[in-house]
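Engineer:
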Amino acid sequence: MAKFSARLMDGNTGGEGAYRFEASDDLMDLPVDEIVDLFFTSASARVLTENVAWELNSAMRNSDRNIVTAMGSFLHAEDPPVPFLLLISEDRT
Numbered sequence: 056m057a058k059f060s061a062r063l064m065d066g067n068t069g070g071e072g073a074y075r076f077e078a079s080d081d082l083m084d085l086p087v088d089e090i091v092d093l094f095f096t097s098a099s100a101r102v103l104t105e106n107v108a109w110e111l112n113s114a115m116r117n118s119d120r121n122i123v124t125a126m127g128s129f130l131h132a133e134d135p136p137v138p139f140l141l142l143i144s145e146d147r148t
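So the sequence shown is numbered by my numbering: it starts at 56 and just counts up by one.
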C-alpha cells in the first residue's frame, strides 16, 4: 500500500482540510474519476460523520507530477450545491 495526500477546499466557507490515506501502489494509474471516488470513500469511512453526496464536474491528472486535480460539488438535499476543489498526490513525507 502506498500513502497519498489530499487537500480539499470548500468553496462555500473557504474551509480547507489536509488528509492522508493509503491505497494500492497503482492508484495513480487508474482513471481520475476512480481516484477521486477512492479518496471520498476513504474520507467518508475515517473522517466524515455522515455519507456525503458529491458530483464530479472536472478532473485532470498531471502525469509528470502524479497529481490529480478535481472540481465538483457537495450535494445537500435542502441546500444549493457547495463547490469543492480537491488535489491528490503521492505522500512524499
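Even glycine gets a Cβ: it sits at the ideal position worked out from N, Cα and C.
1. Could you give the uninterrupted runs of the alpha helix (DSSP H) lying entirely in the stretch 64-119, keeping only those of 4 residues or more?
2. Out of curiosity, what's the CA-to-CA distance linking residue 126 and residue 138?
3. Please determine, among 114, 99, 132, 140, the residue with the shortest C-alpha to C-alpha distance to residue 70.
4. Check whether the Cβ atoms of residue 78 and residue 60 lie closer than 9 Å to each other.
5. DSSP beta-bridge partners for residue 132?
6. Rounded to the nearest angstrom, how far is the Cβ of residue 87 from that of residue 115, given a contact under 8 Å?
Structural biologist: So, from the listed chains and residues:
1. 87-101
2. Here the question's residue 126 lines up with position 71 in the sequence shown. Here the question's residue 138 lines up with position 83 in the sequence shown. One C-alpha to the other measures close to 7 Å.
3. Here residue 70 refers to the residue found at position 15 of the sequence shown. Looking at the Cα atoms, 140 is the closest of the given residues.
4. The sequence position of residue 78 within the sequence shown is 23, counting from 1. The sequence position of residue 60 within the sequence shown is 5, counting from 1. Taking 9 Å as the cut-off, the Cβ atoms of residue 78 and residue 60 do not count as close.
5. Here residue 132 corresponds to residue number 77 of the sequence shown, with the count starting at 1. Residue 132 pairs with nothing; no bridge assigned.
6. Within the sequence shown, the letter at position 32 stands for residue 87. Within the sequence shown, the letter at position 60 stands for residue 115. That pair is a contact at about 7 Å.
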